[in-house]
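Student:
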Amino acid sequence: MIEYHCPDCDYKKLDLEIRADARCPHCGRCMGVEEEIV
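Going by the numbering used here, the first residue of the sequence shown is number 3, and it counts up by one from there.
1. What first and last residue would you give for the beta strand (DSSP E) that runs through V1?
2. Look at Y13 and V35 and say whether their C-beta atoms are less than 8 Å apart.
3. Can you name the residues that DSSP bridges to Y6?
4. CA-CA distance, L18 and R25?
The structure is reproduced here in structure tokens:
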């Protein structure tokens, strides 16, 4: 699992794969990968 984090609004999301174009559903900013959860 990959955890994404939005630096603007602190939204976090879990996903199964790394997506280069992951965007925050709240503010639309590009989210960065916070950590990989094995």
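We put the beta carbon where it would ideally sit given N, CA and C, even for glycine.
Owing to the predicted nature of the structure, the values given are computational and were not obtained by experimental measurement.
Tutor: Quick look at the numbers:
1. The structure shown does not extend to residue 1, since the chain is modelled only from 3 through 40, so no value can be given for it.
2. no
3. K15 and V35
4. Between L18 and R25, the C-alpha separation is close to 15 Å.
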